[in-house]
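For reference, the structure is listed below as structure tokens.
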Amino acid sequence: MNARNFLEEHSIKATAFRIKLVEILQNAKTPLSYDEILESLNANKTTFYRSIEIFEKKGLVIKTENNHKSYYELANEAKAYFICDVCHKVTNIDMPHLNVAKNIKSAVIKGVCDECDHE
Numbered sequence: 015m016n017a018r019n020f021l022e023e024h025s026i027k028a029t030a031f032r033i034k035l036v037e038i039l040q041n042a043k044t045p046l047s048y049d050e051i052l053e054s055l056n057a058n059k060t061t062f063y064r065s066i067e068i069f070e071k072k073g074l075v076i077k078t079e080n081n082h083k084s085y086y087e088l089a090n091e092a093k094a095y096f097i098c099d100v101c102h103k104v105t106n107i108d109m110p111h112l113n114v115a116k117n118i119k120s121a122v123i124k125g126v127c128d129e130c131d132h133e
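Numbering (our numbering), first residue to last: 15 to 133.
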């Protein structure tokens, strides 16, 4: 679904910024930080956080905390990630049975990745 229709379907005003924000989140392979998102957008913090807050209230975005930093992803399907406690790298985990419970939107597993474990 295109970003404009996605926003309109959820009764959110489709501004140019919000359309671009949805497109960035739709194309992301892993959750993105504020800094990563703003690399592609020309906007201030207030505009970003207002839009993200609206998306969160509507249940469209999942916010994850990692190393005192917030990461955002669309809540369009259940996803699982491994986050390394040392290097903070985020890796997708294939968990095909994650969708069995309707209310699961995201699962985060933390530990030490193989690369950091060998150091």
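We put the CB at the ideal spot given by N, CA and C, even for glycine.
Taking just the CA atoms, how far does residue j sit from residue i?
i: K27; j: L21; result: 7 Å
i: E23; j: N16; result: 11 Å
i: F31; j: E79; result: 24 Å
i: V100; j: V126; result: 6 Å
i: D128; j: T44; result: 19 Å
i: Q40; j: S47; result: 14 Å
i: I123; j: Y85; result: 15 Å
i: I51; j: C98; result: 21 Å
i: K103; j: S54; result: 21 Å
i: H132; j: D108; result: 23 Å
i: N56; j: C130; result: 35 Å
Could you tell me the boundaries of the alpha helix (DSSP H) in which residue i lies?
i: K34; result: A30 to N41
i: E67; result: K59 to K71
i: L21; result: A17 to E23
i: E129; result: D128 to D131
Going along the chain, which residues of its own chain have a beta-carbon closer than 7 Å to the beta-carbon of residue i, five neighbours each way excluded?
i: D49; result: none
i: C73; result: A small fix is needed here, since residue 73 is Gly in this sequence, not Cys. These residues qualify, in order along the chain: A89.
i: K59; result: none
i: N81; result: H102
i: A42; result: E87
Go to residue i, then tell me how far its beta strand (DSSP E) extends in each direction, as first and last residue.
i: A94; result: K93 to C98
i: I51; result: Run containing I51: none in the beta strand (DSSP E); it sits in the alpha helix (DSSP H), Y48 to L52.
i: N80; result: V75 to N80
Ordered along the chain, which non-local residues of its own chain (more than five positions away) have a Cβ less than 8 Å from that of residue i?
i: E37; result: A17
What residues in its chain sit with their C-beta under 6 Å from that of residue i, if we drop five residues either side in the sequence?
i: T105; result: F96
i: I33; result: A17 and R18
Using a Cβ distance threshold of 8 Å, determine whether the stretch 56-73 contacts the stretch 91-106, with at least three qualifying pairs required. In this structure the stretch 56-73 does not lie against the stretch 91-106, because fewer than three pairs of beta carbons, one per stretch, are closer than 8 Å.
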